[in-house]
Amino acid sequence: MMLRIPALLSSADVRQCREALQQAEWQDGRATAGHQAIAVKSNLQLPLDSPVARRLGDLVLDRLGRCPLFIAAALPRRVLPPRFNRYEGGGAYGNHIDNALFRVPGADEYVRTDISCTLFFSEPDEYDGGELVVEDSYGEHRVKLPAGDMVLYPGTSHHRVTPVTRGARLASFFWTQSLVASEVQRRTLFEMDNAIQRLTADHPDHGSIAALTGVYHNLLRQWSVP
Ligand code: NI
């Protein structure tokens with residue numbers, strides 16, 4: 044499932060992030076690329092321990108925690124600290140699949156990358172190219188969203204970023220381990236959650252709301268690994 048989360052960040056948030064990112068010290072993205080990714084990756088990233096990355100990462104995590112759509116879709120167990128990247132001057136990232144596991148910074152623990160997210164800081168008309176292209180069994184999906192919007196997609200997908208031939212593309216990306224590892228089960232729960240919410244909005248006294256909510260929780264109980 045690919046899902047757009049509109050306006051995760053307010054315009055004030057976006058302005059604050061962009062100002063900080065303009066002044067940040069970037070490094071070659073290949074410094075954090077794995078074996079296979081290094082050949083296809085050409086961008087800039089903030090070092091993981093940079094104060095700007097930590098401050099903006101905390102802001103992003105705070106907004107995620109207040110976003111019911113993200114919580115319903117991702118059923119997050121752990122979110123890795125957000126990373127920040129910048130593509131310009133033909134920079135691109137060829138087709139790849141992200142690593143399955145990442146170590147939690149400063150801890151001897153791993154997060155499984157069930158879900159990938161990209162959060163946009165640049166407006167689409169500020170740069171040419173720079174589309175996130177995600178492949179699934181239904182074909183290719185090309186994503187280029189307004190600043191402040193985020194896209195969520197399965198960590199199992201092949202994906203790439205097309206070359207940025209004008210301007211600069213600033214974004215944040217990060218991975219989430221879900222309480223529900225299976226993409227199919229996660230999507231089923233999300234669709235059921237949406238249907239219950241629509242039913243509740245349209246017919247708040249409907250007798251089936253409690254029953255359906257019970258089924259949702261009983262499925263979550265079976266499928267989740269806390
Ligand atoms: Ni990737």
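Note that the sequence shown covers residues 44 to 269 in the working numbering.
Built from N, CA and C at the ideal position, the CB exists for glycine as well.
All figures in this text were calculated on a predicted structure; none of them were measured in a lab.
Original post:
Using a Cβ-Cβ cut-off of 7 Å (strictly less than) and excluding sequence neighbours within five positions of T205, which residues of its own chain qualify?
Top reply: Taking the first residue of the sequence shown as position 1, residue 205 is located at position 162. Excluding five sequence positions before and after T205, the CB atoms of its chain that fall closer than 7 Å to its own CB belong to A135, G172, G173, E174, V176, given in chain order.
**OP:** Between the Cα of W218 and those of A211, M193, T208, S85, spot the shortest distance and give me the residue it belongs to.
**Re:** On the sequence shown, position 175 is the one that residue 218 refers to. Of the candidates A211, M193, T208, S85, the one whose C-alpha sits nearest the C-alpha of W218 is M193.
Original post:
Is A211 helix, strand or coil by DSSP?
Top reply: Along the sequence shown, read from residue 1 onward, the residue named residue 211 stands at position 168. A211 falls in the strand class under three-state DSSP.
Subject >> H260: first and last residue of the uninterrupted beta strand (DSSP E) it sits in >> reply: As a first step, residue 260 must be located in the sequence shown, where it is residue number 217. Here H260 belongs to no beta strand (DSSP E); instead the alpha helix (DSSP H) covers 251-266.
Original post:
Would you call the CB atoms of A37 and V95 closer than 8 Å?
Top reply: Summary: the structure shown does not reach residue 37, with the chain confined to residues 44 through 269, and so no result is reported for it.
Original post:
Quick one: does the C-beta of D141 sit closer than 7 Å to a heavy atom of the ligand NI?
Top reply: If you number the sequence shown from 1, residue 141 lands on position 98. It does: the Cβ of D141 is within 7 Å (strictly closer) of some heavy atom of the ligand NI.
Original post:
Which word fits L118, buried or exposed, when buried means at least 16 other C-beta atoms lie within 10 angstroms of its C-beta?
Top reply: Locating residue 118 in the sequence shown gives position 75, where the first residue counts as 1. Counting the other CB atoms within 10 Å of its CB gives L118 a total of 16 or more, which places it among the buried residues.
**OP:** Identify, in the order they occur along the chain, each residue of the same chain with its Cβ nearer than 7 Å to the Cβ of D157, setting aside the five sequence neighbours on each side.
**Re:** By 1-based counting over the sequence shown, the position of residue 157 is 114. Around D157, the same chain offers G198, T219, Q220, S221, A224 as residues with beta carbons nearer than 7 Å, after the five sequence neighbours per side are excluded.
Original post:
Thinking C-alpha only, which one of D168, Q228, T243 is nearest N261?
Top reply: Numbered from 1 along the sequence shown, position 218 holds the residue referred to as residue 261. Nearest of D168, Q228, T243 to N261, Cα basis: Q228.
Original post:
Measuring from the CB of H201, is there a heavy atom of the ligand NI at a distance below 7 Å?
Top reply: Within the sequence shown, residue 201 is the residue found at index 158, counting from 1. Checking every heavy atom of the ligand NI against the Cβ of H201, none is found closer than 7 Å.
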